[in-house]
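Numbering that gives the first Met the number 0 numbers the first residue of the sequence shown as 0 and each following residue consecutively. All C-beta atoms in this analysis are idealised placements derived from N, C-alpha and C, irrespective of residue type, glycine included. Here the structure is a predicted model, which is why all the values come from computation and not from measurement. This report refers to the structure that appears directly beneath it.
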Amino acid sequence: MKVLLSVLDKGLFRLVSWVTQLLLLSAVAAAFYQVIARFVLQSPADWSEAWSRAALIWTVMLGLCLALRQGAMLSVDVLRLWVGKRTQHRLDVAVLFTCLAFFGLLTWVGIQMTWRVRFQTMPSLEWSISWVYIAIPIGAVLAILGLLARWLERPAPAVVDHTQL
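So this is what it looks like as structure tokens:
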């Protein structure tokens, strides 16, 4: 199990992190170019808005995987504090399976959406819109991997202000 987590962390999740950072940087650069082109050059570029939107969608879907892997997703821990240790474990398992089911459904729906729009193009980029929609199932599958990697690692509970969560 440790070997699998190491491969995921050093390989896949590191690659996803780099791609996500580059996509975010490119979205910011394209949006900055759009502002300069529109207000300084008086000649707006139609491609930059479409690229920024597509890059941000990919950034969010890939960043979801990284947030789940690090345990950085927002959670409400009040219920965990009210129940005993045994019930906390059952609650954690229930949350895990609920998240897995949700991301599984998101994968399935994302694949169907990508297939349906495969013939539509983004006029400004002249690319198939399916290149944007494919971010949904890819991000959901990577989110499942990040969630499972976090679960298998079984990290210590977070401590905030000397209160164990």
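Within the stretch 12 to 95, complete alpha helix (DSSP H) segments of at least 4 residues are found at 12 to 34, 45 to 69, 77 to 81, given in chain order.
By the CB criterion at 7 Å, TRP57 and ALA139 fall outside the cutoff. Looking at the DSSP output, THR120 sits in a beta bridge with SER127. If you check the CB distance, VAL131 and ALA53 come in under 7 Å.
For the 7 Å CB-CB criterion, ARG79 and GLN87 form a contact. DSSP, read as helix, strand or coil, puts ARG149 in helix. For LYS9, there is no enclosing alpha helix (DSSP H), as DSSP gives it neither H nor E. Contact annotation: the stretch 58 to 65 does not touch the stretch 34 to 46, with fewer than three C-beta pairs closer than 8 Å. The count of Cβ pairs closer than 8 Å, one atom from the stretch 138 to 152 and one from the stretch 103 to 121, reaches three, so the stretches are in contact. Within its own chain, the residues whose Cβ lies closer than 7 Å to the Cβ of LEU4, once the five positions on either side in sequence are excluded, are ALA148, LEU151, GLU152, listed in chain order.
Between ALA30 and SER51, the gap from beta carbon to beta carbon is short of 7 Å.
A distance below 7 Å separates the beta carbons of THR120 and SER127.
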